[in-house]
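In my numbering, the protein residues as written are 14 to 53. Idealized CB from N, CA, C, for every residue including glycine. Please read all numbers here as calculations on a predicted model, not as lab measurements.
If you want it as structure tokens, here you go:
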């Protein structure tokens, strides 16, 4: 799917990962949701 190690995905899920725009873009595309932007 996005060709990332399971450990990297687990870090994002737990909120421990340092945000990487490239990985966030891949996740947005695969999940079909917007993960970036203003809250509200």
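Nearest to residue i by CA position, among the options, is which residue?
i	options	result
residue 45	24, 29, 37	37
CA-CA distance, residue i and residue j?
i	j	result
residue 28	residue 50	16 Å
residue 21	residue 52	24 Å
residue 15	residue 40	7 Å
Which ranges would you report for the alpha helix (DSSP H) in the segment 19-43 if only whole runs of at least 4 residues count? 19-27
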